[in-house]
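Asks: Chains as they are written, first to last, in this note's numbering: chain A, 13 to 199; chain B, 6 to 167.
We treat Cβ as the ideally placed atom computed from N, Cα and C, and that holds for glycine.
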């Protein structure tokens, strides 16, 4: 299972009223390369911010807010997890795509391999938690994941042999912000 | 001095009803009012960058939003400002307390007390001290946010709020 497999599966699973937020680095770049859409919002920097952004959107809209976070990114700002558990947005799905590495800077190891994110998510108050190691099992669970009452936490264990970079996001940050605001208004 | 109810009523009148932050004793009465308010939403963030993230998310969802933080936490939002809010053009109204103003404070506040204004200037964040004529200061800040779509800072000294 690779980041690309996961992103393809998530983006191919049609949900009427969802928006997708991607953390910086290869997760944003691969998602942009696979299927750019007005429902997608990419962070090109500000590592660790995607989960709090998702929380702010989820609190202020009825849309399903899908956060595609990385292991390095969530480790950088882990304090957001208990805040999400405390606020309890039922429309938030928080994915951790865990390849044990800071991939875009040269695959340096993070410390995630030894961390039980699922126990943490439970302790922080996420309402439903999942862990997947096989893409086939993940695909068949997508309806359950998207129908669950959130906040939902999904730990995707990718491991060290991950897919490579996608293209750099070809839209200006200002345009990305305008686009997602418009999408959230119109959904 | 500013009555906190007048302050929040004015902000709510401008549709600023979503806030996040990390407490400072300078904001004690302001935060008490917000936490107990039925109109204002206040999210107790775990760190200043998380407050910026949550309030920026609120903006992306169509709300007007702000943060309240202590100046000691200004460093935590430098990256958020430079690699997110300033380039994505996400305006968030920032109330930043001014601990260490004029050097009269505990040791841990003295350096940031001296550097708060120059840090904001260095980041090209429009800023001014909040005064008893708070409506004028808020209108100035909101005006810049609407025109330039960037965060604006209002610096709050000890004793301004009742």
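When the cut-off is 8 Å and only beta carbons count, does residue 71/A lie next to chain B?
Replies: Judged by the 8 Å Cβ criterion, residue 71/A is in contact with chain B.
Asks: Could you tell me which uninterrupted alpha helix (DSSP H) segments, each at least 4 residues in length, are contained entirely in the stretch 101-165 of chain B, listed from first to last along the chain?
Replies: The qualifying runs are 112-127 and 139-153.
Asks: Using a C-beta to C-beta distance shorter than 9 Å, which residues of chain B count as neighbours of residue 89/A?
Replies: Those within 9 Å of residue 89/A in chain B are 51, 52, 54, 55 and 58.
Asks: Is the stretch 86-100 of chain A close to the stretch 70-82 of chain B, with three or more CB pairs under 8 Å?
Replies: Contact between the stretch 86-100 of chain A and the stretch 70-82 of chain B is absent, because fewer than three Cβ pairs lie under 8 Å.
Asks: Please confirm whether residue 1/B has its beta-carbon closer than 8 Å to some beta-carbon of chain A.
Replies: Outside the modelled stretch of chain B, which goes from 6 to 167, sits residue 1/B, for which no answer is possible.
Asks: So residue 104/A and residue 66/A are supposed to be a Cβ contact under 8 Å. How far apart are they, rounded?
Replies: Contact holds; Cβ gap of about 6 Å.
Asks: Quick one: Cα of residue 148/A to Cα of residue 18/A, how far?
Replies: Spanning the two alpha carbons is a distance of roughly 10 Å.
Asks: Quick check: what's the CA-CA separation for residue 87/B versus residue 138/A?
Replies: Cα to Cα, the separation comes out at about 31 Å.
Asks: Candidates 185/A, 79/A, 100/A and 135/A: which alpha carbon is nearest residue 39/A's?
Replies: Nearest of 185/A, 79/A, 100/A and 135/A to residue 39/A, Cα basis: 79/A.
Asks: Please decide whether residue 41/A counts as near chain B, where near means a Cβ-Cβ distance under 8 Å.
Replies: Cβ-Cβ to chain B under 8 Å: no for residue 41/A.
Asks: Could you tell me which of 125/B, 136/B and 102/B sits nearest to residue 26/B, measuring between CA atoms?
Replies: Residue 26/B has its Cα closest to that of 102/B, out of 125/B, 136/B and 102/B.
Asks: Closer than 7 Å by beta-carbon distance: list the chain B residues that pair up with residue 193/A, in chain order.
Replies: Correct list: 65 and 67.
Asks: Three or more C-beta pairs under 8 Å: does that hold for the stretch 12-20 of chain B against the stretch 186-193 of chain A?
Replies: In short, these stretches do not touch, since the Cβ pair count stays below three.
Asks: Cβ of residue 185/A less than 8 Å from any chain B Cβ?
Replies: Yes - at least one Cβ of chain B is within 8 Å of the one on residue 185/A.
Asks: Excluding five sequence neighbours on each side, which residues of the same chain lie with their C-beta closer than 8 Å to the C-beta of residue 75/A?
Replies: Around residue 75/A: 29, 30, 31, 69, 103, 196 and 199.
Asks: Determine the closest residue to residue 68/B out of 75/B, 45/B and 85/B, with distance taken between C-alpha atoms.
Replies: Selected option, being the one with the closest Cα: 45/B.
Asks: Is residue 145/A helix, strand or coil by DSSP?
Replies: Of the three classes helix, strand and coil, the one that applies to residue 145/A here is coil, per DSSP.
Asks: DSSP three-state label for residue 71/A, please.
Replies: Reduced to three states, the DSSP call for residue 71/A is helix.
Asks: Any idea what DSSP makes of residue 41/B, helix, strand or coil?
Replies: Residue 41/B falls in the helix class under three-state DSSP.
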